[in-house]
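Peer 1: Questions regarding the structure given below will be posed in turn.
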Amino acid sequence: MDWRVLLQQAMQAHQKDDLDGAERGYREVLELRVAQPDALHYLGVLCHQRGRSDEGAELIRTSLRITPKHPDAHNNLGNVLKESGHLAEAEGCYRRALDCGPDHYNAMNNLAVVLEAQERPEEAFQAYSKLLEMAPEFARGYYLMGTFLRNFAQSMEHLEQSVECFRRAIALDKDDLRALQALGVGLYALNQPSEAAQVYREWLAREPDNPVPQHMLAACGGAEAPSRAGDDYVRDTFDGFADSFDEQLLQNLGYRAPEVLVSALGEFLGDPRGALDVLDAGCGTGLCAGPMRPWTRRLAGVDLSGRMVEKARLRGGYEELEVAEITHWLEQHPQAYDVVLSADTLVYFGELQPVLQASHDALRPGGWVGFTLEASLSDDQGFELTPSGRYRHARGYVETTLEHAGFGDVVVRSDRLRKESGRPVEGWVVLGRRKDD
Ligand SMILES: C[S@@+](CC[C@H](N)C(=O)[O-])C[C@H]1O[C@@H](n2cnc3c(N)ncnc32)[C@H](O)[C@@H]1O
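The sequence shown: position 339 = 342 (this note's numbering), numbered continuously.
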């Protein structure tokens, strides 16, 4: 068959997410024409999608040696490098994409994102501004500019501008779930709780069964708070975040929970001998796997969001990954683990008693639970649902609940685990040991 037909078929398979068919097709093209640059480029993108990012980057580099002025290939190489954490190299690729194709607004978008992720706010602001000049109808550009202004806010004025960006994003795409949620959170931060509630009420009027506005309305005081975030809310929210690694980079700005939690646990687990059975409860995209690895014999991860679990699968490091609700999973696995860790996940739980009791029962005697929370400063309440949709817990409540569930050696340390609206959020790093029965 002619290589051009094969290439077309492979690209169609790729678009339909038939990765096996597409990979076979690209390789057949490359057997017929060893250095066909499009086949090299798209095969590189595909390898990255399958978690083989180094191989993918090398294939795209080879294609660029043959067609060095290809803006899409530079942009895609940038994406592979950015998503592998090589932000400075990715920046170079986006700049080369823009040299070859000055109208390439996706490359400008990506350049702005990596500048922001490298905490270079002035340059990022310029890049976002250029992006909005280049693509004034691009809803996502306004959403990203809005989150940038919120993340680096120095004044109320920046928060106001951020809210305006979210309004514009919604005007261009009324189904933009993240922009709607960000608008509500932003209005609350501007001390406009009834306007925030109104955003969620209008959203609910259009979509009465949507769990996101239901939860967010409760979060800003417009309805009764549930004892934990509902499964549908968690699934919808995190399936949406996982879709784009760009947003995750933004969300994770200054995010330290996995490394801080694992290092605190490490003080009590002794030398890492690769001998422990560990559950990462609410594993998300798998950021705890790397730091925890030296201690684990078998690492399992569970999460409600299938898309987050897909990302964790690509990142690797787990012997087992399942889409499941954590309390339910723990209840099904009595005395199965030496450690249950949960970074930035119990912030979606108000009432901690059921999940801590289930953790206790899933641990072997002497096993450790470790988790992070956001700190509530009002000691009398126990826990509160905040306008961000997350819960905060008081230290006394956490200590008492752990004791009632059968944990001893309780440690609660305060730390700053991430930033919100440009400011660090105060958190707890919590450890407890299952007492011998
Ligand atoms: C902020 S992310 C943190 C992910 C990961 N632990 C990390 O530190 O990067 C919270 C994760 O908890 C998951 N989650 C929240 N409530 C859950 C529940 N009840 N059962 C399972 N997963 C849950 C979400 O889907 C999301 O992936």
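Even glycine gets a Cβ: it sits at the ideal position worked out from N, Cα and C.
1) At 4 residues or longer, what runs of the alpha helix (DSSP H) sit wholly inside the segment 146-203?
2) Contact between the segment 340-353 and the segment 370-380 is defined here as three or more beta-carbon pairs at a separation below 8 Å; is this criterion met?
3) Any heavy atom of ligand 1 closer than 6 Å to the Cβ of G392?
4) Between the C-alpha atoms of V215 and G24, what's the straight-line distance to the nearest angstrom?
5) In its own chain, which residues sit with a C-beta less than 8 Å from the C-beta of L9, not counting the 5 before and 5 after it?
6) Under 6 Å Cβ to Cβ from A13, same chain only, skipping five residues before and after it: list those, please.
7) If contact is defined by three or more beta carbon pairs under 8 Å, each pair taking one atom from either stretch, is the segment 393-405 in contact with the segment 126-133?
8) Measure the alpha-carbon distance for A303 versus V326 and round it to whole angstroms.
9) Buried or exposed: P261, going by 16 or more other Cβ atoms within 10 Å of its Cβ?
10) Which partner residues of W431 appear in the DSSP bridge assignment?
11) Starting from V305, follow the beta strand (DSSP E) in both directions and report where the run begins and ends.
12) Where does the unbroken beta strand (DSSP E) through E387 begin, and where does it stop?
13) Are K72 and C103 close, meaning C-beta to C-beta below 7 Å?
14) Just grab the DSSP bridge partners of G293 for me.
15) Check V342 in the structure and name its three-state DSSP category.
16) Please list the terminal residues of the continuous alpha helix (DSSP H) segment that includes L135.
17) Where does V37 sit, in a helix, a strand or coil, going by DSSP?
18) So for L282, helix, strand or coil by DSSP?
19) Measuring straight from C-alpha to C-alpha, what distance separates W206 and G225?
20) Based on the DSSP secondary-structure assignment, which residues constitute the bridge partners of K422?
21) Residue ranges of each alpha helix (DSSP H) run of no fewer than 4 residues wholly in the segment 309-371, ordered along the chain?
22) Tell me whether S66 is buried or exposed, calling it buried when 16 or more other Cβ atoms sit within 10 Å of its Cβ.
23) Measure the beta-carbon distance from R259 to R421 and round it to whole angstroms, keeping in mind my assumption that it falls under 8 Å.
24) Keeping to the same chain, check which residues put their C-beta closer than 7 Å to that of I69; ignore five residues upstream and five downstream.
25) Tell me which same chain residues have a C-beta within less than 7 Å of the C-beta of S362, skipping the five on either side of it?
26) For a quick check, are the C-beta atoms of D418 and V265 less than 7 Å apart?
27) What do you reckon, is the C-beta of I329 under 6 Å from a heavy atom of ligand 1?
28) Alpha carbon to alpha carbon, how far is A172 from L355? Give it in angstroms, no decimals.
29) Would you kindly work out how many angstroms separate the C-alpha atoms of S56 and G285, rounded to a whole number?
30) Between L101 and A120, is the Cβ-Cβ spacing less than 7 Å?
31) Using the beta-carbon count (16 or more within 10 Å), is R1 buried or exposed?
32) Alpha carbon to alpha carbon, how far is A2 from G277?
33) Compute the distance between the beta-carbons of L183 and V237, then report whether it is under 7 Å.
34) For the alpha helix (DSSP H) holding H107, just list the boundary residues, first then last.
35) Buried or exposed for N113, going by 16 or more other Cβ atoms inside 10 Å?
36) Quick one: is the Cβ of S455 within less than 6 Å of any heavy atom of ligand 1?
Peer 2: Straight from the coordinates:
1) Listed in chain order, they are 159-175, 180-192.
2) yes
3) no
4) Each residue's Cα considered, the two are about 37 Å apart.
5) G28, E31, V32, L35
6) A25, G28, Y29
7) Two segments are said to touch when three or more pairs of C-beta atoms, one from each, lie closer than 8 Å; by this definition the segment 126-133 does not touch the segment 393-405.
8) 11 Å
9) buried
10) According to DSSP, which records beta bridges pairwise, W431 is partnered with L376, S417.
11) 299-306
12) 386-388
13) yes
14) Answer by DSSP bridge pairing: none, since G293 is not bridged.
15) strand
16) 124-137
17) coil
18) Here DSSP, grouped into helix, strand and coil, assigns L282 to strand.
19) 13 Å
20) Note: K422 sits in a beta bridge opposite P427.
21) 309-318, 329-334, 356-365
22) buried
23) 7 Å
24) A38, P40
25) L333, V343, V372
26) no
27) yes
28) 37 Å
29) 25 Å
30) The Cβ atoms of L101 and A120 do not sit closer than 7 Å to each other.
31) This structure leaves residue 1 out entirely; the chain is present only between 4 and 440.
32) Since the first residue shown for the chain is 4 and the last is 440, residue 2 is missing from the structure and cannot be characterised.
33) no
34) Here H107 belongs to no alpha helix (DSSP H), and DSSP marks it neither H nor E.
35) buried
36) Outside the shown range of the chain (4 to 440) lies residue 455, about which nothing can therefore be said.
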